[in-house]
Each structure stands twice: as C-alpha cells, then as structure tokens.
Amino acid sequence: MGTTTGTVNFGNTTVGAGTDCVSLQNNSAGARNFGTLTLNGCGGVGFLHAVGGGAVTASGATNITNVTGIGVSIDGNTSTLSFANVLVNKAVTAGNGVVINNSTGPVSMGELLLTIVNGTGLTYNNSTGGLATSATSAISTAAGPGIVSSNASNWNGNFNTVAVTGSPTQGINLNNVSGNILIGSGGGITGTAGPAFVVTGGIGTVSYGGFMSKTTAGKLVSVTGAGGGTLTLSGNLTCNTSCTGLDVATRTSGTYTFSGASNTLSTGTNPGVSLASNAGASIAFTGGNLGITTTSGAGFTATGGATSVTVTGAGNTLTSTTGTALNVVGTTIGAGGLTFQSISANGALNGIVLNNTGALGGLTVTGNGNTTQGGNNSGGTIQNTTGDAIVLTDTRIITLTNIRVTNIGANNGDQAGAIDATNLAGTNLLQASTLTNLGKVGAAGGTNRNGMNVINTNTALTSLTLNNNVFSDSDGTSSFIFTSARGTSPMGVTVTNNLFTDLVALALQINAGDSETGVHTVTSTVTGNTFSNASPTDGQGGLAVVTADDQATVNTTISGNQLFDLIKGIAGGNSEILLTQTTGGALNGTVLNNTIGTAAFGNGDRRGIGIIAEPDLDVNGENGAVDIIHDGNTINRLIDREAIFVDLREDTGNSELIVRNNSMGQLGGFVGQVGGIREALDIQTRGEVTRTFNTHILNNVITGNFSGGSGESREQYRQCHARQPDDALDGHRQHLHEPERRR
276 MGTTTGTVNF GNTTVGAGTD CVSLQNNSAG ARNFGTLTLN GCGGVGFLHA VGGGAVTASG
336 ATNITNVTGI GVSIDGNTST LSFANVLVNK AVTAGNGVVI NNSTGPVSMG ELLLTIVNGT
396 GLTYNNSTGG LATSATSAIS TAAGPGIVSS NASNWNGNFN TVAVTGSPTQ GINLNNVSGN
456 ILIGSGGGIT GTAGPAFVVT GGIGTVSYGG FMSKTTAGKL VSVTGAGGGT LTLSGNLTCN
516 TSCTGLDVAT RTSGTYTFSG ASNTLSTGTN PGVSLASNAG ASIAFTGGNL GITTTSGAGF
576 TATGGATSVT VTGAGNTLTS TTGTALNVVG TTIGAGGLTF QSISANGALN GIVLNNTGAL
636 GGLTVTGNGN TTQGGNNSGG TIQNTTGDAI VLTDTRIITL TNIRVTNIGA NNGDQAGAID
696 ATNLAGTNLL QASTLTNLGK VGAAGGTNRN GMNVINTNTA LTSLTLNNNV FSDSDGTSSF
756 IFTSARGTSP MGVTVTNNLF TDLVALALQI NAGDSETGVH TVTSTVTGNT FSNASPTDGQ
816 GGLAVVTADD QATVNTTISG NQLFDLIKGI AGGNSEILLT QTTGGALNGT VLNNTIGTAA
876 FGNGDRRGIG IIAEPDLDVN GENGAVDIIH DGNTINRLID REAIFVDLRE DTGNSELIVR
936 NNSMGQLGGF VGQVGGIREA LDIQTRGEVT RTFNTHILNN VITGNFSGGS GESREQYRQC
996 HARQPDDALD GHRQHLHEPE RRR
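In our numbering, the protein residues as written are 276 to 1018.
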C-alpha cells in the first residue's frame, strides 16, 4: 500500500503468497490498523514499512513464518508503530528477523519472539524514535548475531532470552546506543567467530544474564571506545583454546560489572582479563570463581587508569607460567579491593605488580584458610621469576596468606627478591606463608638484594604485620627482610611467630631513615620468632633495629624470641639482637625474655645483645639519645664475645640503660681485654660531649668458664653517671663489671 493519506482498518489479515506479504510505503498521512497478522511463505519481506509508511497498530498477534526475505523491515519511519506481539520464525529460510533503520518514530513490538537461522535476530540502527519490547521476549539465532544496534537511542528493550549459536560475527553488538537493554538468563552465546559480546561507544543501561562460551580466536567480550553507560554481564563466562580473553579499554566513564558465578578464562599466550586506559570508568568482577590461566600471557592486567577496579567473592584464581599473573599500574583499586584465593606464576619477570593504585583498596590473597606456620601454599606459588616475585609501588592494604615464593632470581646474576615494596601505605599483612630460596649469587649477583624490601619516603605505613611465616634459604640477599622509613614516613612493623632459618644475611632489619632531616616515628614489635640454623659457611641470621635520622624516633619491643645456631664462619663484633643509632635520633626499646643460644647450640663469633650509638654533632649536626631496657633474657654459649654490649660513641646525648633479671650462662670466659675474650656485660661511653648516662643493673645471673675455672656472679643494683666533657676522653672504655665473683 502506498500514497495513502487516510486511515485504513484491515482487521485480521492473512497473507501466504506474493513478494512482500505486507508493504506500506510512501504514505504521507493516516493510519493502518490490523487485528491479527498471519504472514507465511512470501518471497520477499514479511512486513515492510518504508519511507512514509504511516502509523501502524496491530492489536492482535503478528506471526511471520518462512518468508524468504526479512521478517520485519522498518526504514525511515516517522510515525508510531505499535504491535501487540511479533513472532518471526525463519528456521527454514535464511535471513534477518527484524531490521529497523533510520527511524525517528517509536516502535513498540510487545512480546518479540524471533527464531532465526543464517541471519541477525534484531537490528536497530541509526534511529532515534525508540524500540520497546516486553520482558517475555526471546531471540534465538543460529549462524547469526542475536542483536546488532548502532547509533540508536531510546532503547526500551526487555528480553527473557537472547540465545546465539555459531554466529560468523558477534553474538550481541552494541555501538553508541542509549536507553535500556535488559536481557535475562534464559539463553547463552556460544561458538561466535568474533567476540560473543561487543560494546563500543556509549550504551545506556545494558544487562545480559546468559552464559557466554568461546573456543575460537578472538575476544570473548570486548568493551572499547570512548563512552559510558552501565553494563552488567551476570552469566558465566568460558574462554579457552584459542580464545583471547576479555577486554575493557578506553572507556571514558561508566560502570562495568561481571557478576557471573563462574568465569573461566584459559587464554594461553594472551591476557585473560585486560583493562586499559579506562579513565573515569568503574569495573568490577563480583561473582567469585574467576579462574584465569595463561602461559606467557598476563593473567589479569589493569593499566592506564580507572576510577575503580575490583575483584570480589570467593574462589578467584590467577595462574600463569611466564606471564605476569597480576599487573595493575596507574589504575585505582576500588574500595572493595582485589581478592583472590591464589595467585601463581612460574618463570615470569614478576608474578604480581601493583604500581600507583590509588587510595581506596588493595590486594588480598586468602588461600584456603590454613593458619599453620609457613602455610600450605594454597594462596599460590610464585617461582623462578627473573625479577622480584612481587613488586608493590605506591600501593596499599596488601594481605597475603598461604603464598609460597621460591627460587627467585632463577638464574645466576639475576637481581631479584621475593617482595619489593616502595611507598606501601595502610594496613598490610603477610601470614602463614613461605619465602625461600632467594637471591642467587652470580656475575652480576643478587648479593645486595633484600629478600623482602619495604622502603617508604614521605609515605605513612600504618602497619606491616608478618605473622606465622617461614623465611629460609637466602644465598645472595643483604637482609632477608629490610624495612626503612625515610623522610616523613611513620611506620609500624610487627613481626610475630615466624621462623627464620638457613639465612646468609641478617634475618630482619628495621630501619628509621637514611638522613638527618626526617621527622617520623617507627614503632616495631618483634615477638615469638625463632632465628636458627644460619647458612652453614657464612650465615648470620640475627635482627637489627636502626635509627638513622637525626629527627627520627624508634620505639621497639623485642620479646620472647629464640636465636640459636647462628653466625657461621664470620668474624667480627656484631650482635644477634642489635639496636643501633647510626646518625642520631631517639632509640627507645625493650628487649624482654629472649633466649640466645641453647644448651646444644651457640651463636658463633657474635655478641648476644648489642646497643651501639654514634651520632656526630660536630661534623654532621647529629643528636641522639638511647633509652633501653634489657629484662629477663637468657644468653647461652657465646664463644668469645660479650653477652650484652653497650657502646655510646661520639655525641650520644643523655641516655638510660636498665639491665635486670638476665641470665648469661655457659659463656666462653671473661678476660676483659681488647681483642680477647670479652666480658659478660660490657658498657662503654666514649664520646665528645657532656652527657648523663643512667645505668640500672639488677638481679642478673652470670655463669661461665674463667681462667681459674667456672663461676657465678650476681649484681643486685648499680647506677652510674658518666660525664665526659672533653675530647681527651674519646676512646675511653668504661666497663661495668659485676661487683663480686664467687669462684
């Protein structure tokens, strides 16, 4: 029908032959009203509405079957088209179901039911009038896309099901659309040659609840291009064999949620999830059971910006071989954080990289809840990396449980450690984990590399807690664990119930600063740990707390630790527990109820507990003071070094030392000469400024082998004020010995 301006009432209409079953074109006015429409077997289009077709109302069912051409074709519509419901079945004849192009008039199709083979189910392009369907609508296509929509606004599409099988292009393709497209979970998309789900440009509000599965080359989901909107994909995602993962890239705004209860991405040499340059976008994986497995491809990558990236829920895993398992750079981790049950890599440059991840959330690796010392590796294993296993830079709130890091710096000459953290903030935890076999020695060496390195500059670290871990087998590390607060960086460090064993270097060094200008406080607690069995030929294995800023304050508690079988083949005068003030600051601490050496194992050529302070006021303008309590420690089997050694050098200020209730036994002997066998308790003040030094020595027990035999000495109380007003006393040693010896 064409060139008609009047209103025509057709009533119930049946057409079974001809080219186009119904053709409405070039009607400048009027309306066309139908009851039911039954259109079957025509050689052309089932229902054609072209330029100027006029308003249409179909109050009854519209059934279109086995037409040769398009089921419903609407082009250039400027009027209102309203259908009670539309069924198009092209299971026998190839072609598209419903095509709407270049229309400014609204189209309402009620319950839209499409069964299409070798064609697209629904196309809505270059139109502003709008398209509406009811929630019981369903689209099923074989060898063709389900929905294709480009440059189309005012969507109001509701579907129970969109099911696509074997499309030669995409499953659903949306490009620069607006309005609502809401699709339930009744179907799925599988076997597409291109991505199962494609979004480019703006999309309004879109949800798809069906599953998506792909085994051929290309992306499973691709969301790209400038634009925004809200996208929710709540069905399960499966990507394996040649499939190349899931992308969200260059989005300028919007919220993108993947909430399926099980998403499995096995992508080989390609990234599993790639999120790139999404400034202004928020991206979330919320359903749990996100399982990503790659070979040389990165597991989960988020780079170049995003308002928020989160992974929540239980059972999320990342597994790669030579690809970095987790890489988040220049992208904000959302308040919900990134949560994985396990993260593993084998042979990559790095296993985990977090760099500049914002101020909201962090990373949690849960494992399976095991709490035994060293854990059970259920949080994943990162091994054989050529660089640092875990790199943390300008990030925060890291919790790692039941992880294993091993054989790092896999080749001789690799410079690598287990964890390298710079400007780590917030509350952080490493627990029930094992870090072992680090720092290979080679031509370039791993020799100055720390096993776990945490260095902050002008960044507050609320807390770093190391609990119930095993740290072992370091060949080329400098300190196995090294923390340093620099500039204006306050830092809290808690080390509890860990095992340090078979180490070459110091087990633990907690450092406050590297200059004379930083104003901050480092608070540390080291309790309940075992330091034992140093590397056989050149191992050390003790711990040190250091203040190295003139304006820094160190408050430390070292309690209930056991240290034995340390210091192998190393000469010198260091200490197994060492508190040192290298360039000033306030050094405050309590050393309580530690056991150094046992009846069976000594600690080699080292002192038991040492305090050394050497600020230099004249040369560097450094000031410092020491306030330390030694209480209830047991020190056994030192070969020829002091049990407790205190040396206040240079320009140490007013200080106080309390030594009480310590037991110093099975010692090598007491001669008291420089270079020879040393005193049990040796306190030296040898500086260049007037100072007040209060010492309280009370209820200590000393046993050992003397030149005349073994004996015991007990000191009840002594207080000493040492004043050294001039340079003439520099180098003078003042020893506070026990007042009597019973032989």
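C-beta atoms are modelled at their ideal positions from N, C-alpha and C, and glycine is treated no differently.
**Prompt:** What is the DSSP secondary structure of Glu1013, counted as helix, strand or coil?
**Reply:** Unreliable placement is indicated for Glu1013, whose pLDDT of 29 sits below 50; no coordinate value is reported for it.
**Request:** Note the first and the last residue of the continuous beta strand (DSSP E) segment covering Lys1068.
**Result:** One cannot answer for residue 1068 here, as it falls past the ends of the chain, which runs 276 to 1018.
**Message:** Which residue marks the beginning of the beta strand (DSSP E) containing Thr530, and which one marks its end?
**Reply:** Thr530 to Phe533
**Message:** Quick check: the Cα distance between Thr353 and Ser425, rounded to an integer number of angstroms?
**Reply:** 18 Å
**Asked** His795 by DSSP, collapsed to three states: which one?
**Response** The DSSP-derived three-state label of His795 is coil.
**Rounded C-alpha distance that separates Ala306 from Ser460** = 38 Å
**Contact between the region 549-558 and the region 617-630 (3+ Cβ pairs under 8 Å)** = no
**Request:** Report all residues from its chain with a CB closer than 6 Å to the CB of Thr516; omit the five preceding and five following residues, and keep chain order.
**Result:** Thr490
**Asked** Between Thr647 and Thr702, what straight-line distance do the alpha-carbon atoms span, to the nearest angstrom?
**Response** 22 Å
**The beta strand (DSSP E) enclosing Gly579, as first and last residue numbers** = Phe575 to Val586
**Prompt:** If you scan the region 482-515 from start to end, which runs of the alpha helix (DSSP H) of 4 or more residues do you find wholly inside it?
**Reply:** none
**Beta-bridge partners of Val779, as assigned by DSSP** = DSSP links Val779 through a beta bridge to no other residue.
**Request:** Since I believe Gly649 is in contact with Thr740 (beta carbons under 8 Å), could you give me their beta-carbon distance rounded to a whole number of angstroms?
**Result:** Not quite, the Cβ-Cβ distance comes to about 16 Å (not below 8 Å), so this is no contact.
**For Met766, the first and last residue of its enclosing beta strand (DSSP E)** = For Met766, the enclosing beta strand (DSSP E) covers residues Met766 to Thr771.
**Request:** State the DSSP-derived secondary structure class of Asp825, mapped to helix, strand or coil.
**Result:** coil
**Message:** Going residue by residue through the region 632-691, where are the continuous beta strand (DSSP E) segments of at least 3 residues, counting only ones entirely within it?
**Reply:** 638-640, 656-658, 665-671, 673-676 and 679-683
**Prompt:** Ordered along the chain, which non-local residues of its own chain (more than five positions away) have a Cβ less than 7 Å from that of Val290?
**Reply:** Cys296, Val297, Leu314 and Cys317
**Asked** Residue range of the beta strand (DSSP E) that Thr542 falls in?
**Response** Asn538 to Gly543
**Asked** Leaving out five residues before and five after Gln994 in sequence, what residues of the same chain have Cβ atoms less than 7 Å from its Cβ?
**Response** The predicted model places Gln994 with a pLDDT of 29, which falls under 50 and marks its position as unreliable; any figure quoted below should be read in that light. Correct list, in chain order: Asn969, Thr970 and His971.
**For Gly940, the three-state DSSP class (helix, strand or coil)** = strand
**Prompt:** Measuring CA to CA, which of Thr542, Gly510, Leu506 and Ala551 is closest to Gly529?
**Reply:** Leu506
**Request:** To the nearest angstrom, report how far apart Gly329 and Ile375 are at their CA atoms.
**Result:** In a straight line, the C-alpha of Gly329 is about 15 Å away from that of Ile375.
**Message:** Quick check on DSSP: helix, strand or coil for Glu925?
**Reply:** strand
**Item:** Distance between Val584 and Val716 (C-alpha atoms, nearest Å)
**Value:** Note on Val716: pLDDT 48, under 50, position unreliable in the model; the coordinate value appears next. Spanning the two alpha carbons is a distance of roughly 39 Å.
**Request:** Give me the Cβ distance between Leu540 and Leu508, rounded to the nearest whole Å; I'm assuming they're in contact under 8 Å.
**Result:** So it is not a contact: roughly 13 Å between Cβ atoms.
**Spatial distance of Trp430 from Ser412 (CA atoms)** = Note on geometry: alpha-carbon atoms of Trp430 and Ser412 lie some 14 Å from one another.
**Prompt:** To the nearest angstrom, how far is it from the Cα of His1010 to the Cα of Glu917?
**Reply:** Note that His1010 scores 32 on pLDDT, short of 50, meaning its location in the model is unreliable and no value can be drawn from it.
**Message:** Suppose you measure from the CA of Gly293 to the CA of Thr408; what does that come to, to the nearest Å?
**Reply:** 29 Å
**Message:** Using the three-state DSSP reduction, which class does Gly860 fall into: helix, strand or coil?
**Reply:** strand
**Asked** Which term fits Ala589, buried or exposed, when burial requires 16 or more other beta carbons within 10 angstroms of its beta carbon?
**Response** exposed
**Request:** Report yes if the C-beta distance between Asn830 and Gly803 is below 9 Å; otherwise report no.
**Result:** no
**Request:** Alpha carbon to alpha carbon, how far is Leu774 from Pro811? Give it in angstroms, no decimals.
**Result:** 17 Å
**Asked** When every heavy atom of the ligand COA is checked, does at least one fall within less than 8 Å of the C-beta of Thr491?
**Response** In terms of ligand content, the structure shown is empty, and the ligand COA therefore cannot be addressed.
**Request:** Consult DSSP for Arg526 and reduce its assignment to one of helix, strand or coil.
**Result:** coil
**Request:** Determine the direct distance from the alpha carbon of Gly510 to that of Asn731, and round the result to whole angstroms.
**Result:** 43 Å
**When Gly579, Gly654 and Gly605 are compared against Leu593, the one with the closest alpha-carbon** = Gly654
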